[in-house]
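Numbering (my numbering), first residue to last: 10 to 134.
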């Protein structure tokens, strides 16, 4: 390291925030969690211990947990990373996707309910 004109050490662009970068232990924990969260849904599909709708809900739950694992252990997203902006971007994305999905489901439900031919109209033909 070299000293700058004001007497402070020059770090050559190194960050003091080493916590935002992953460690080997963190990557191993993330990998094991991701592998387990993948293997359990495969086991559920292969053995079908529950009804198909229940298995589908369980798999969606495991998928949500796995997304959180990936964000924490591999994308290193937390409240301290990038001054909190990465978390704000994630929350904005979740809100926009939630609005788009709920709006799409609402439109499809009402189109199905209001545009389907009535049984009485089909009998008169």
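All residues carry an ideal CB built from backbone N, CA and C; glycine is no exception.
- As the crow flies, the alpha-carbon of residue 59 is around 10 Å from that of residue 65.
- Rounded to whole angstroms, the separation of the alpha carbons of residue 81 and residue 89 is 12 Å.
- By a beta-carbon distance limit of 8 Å, residue 74 contacts residue 46. Their separation comes to about 6 Å.
- At the C-beta level, residue 50 and residue 37 stay beyond 8 Å of one another.
- Boundaries of the alpha helix (DSSP H) harbouring residue 117: 94-124, taken from the DSSP string.
- One thing to note: residue 53 has its Cβ no nearer than 8 Å to the Cβ of residue 78.
- As the crow flies, the alpha-carbon of residue 126 is around 11 Å from that of residue 120.
- In the three-state reduction of the DSSP assignment, residue 31 falls in the coil class, being assigned neither a helical nor a strand state.
- Where residue 62 is concerned, the enclosing alpha helix (DSSP H) starts and stops at 61-82.
- Between the alpha carbons of residue 39 and residue 105 lies a distance of about 27 Å.
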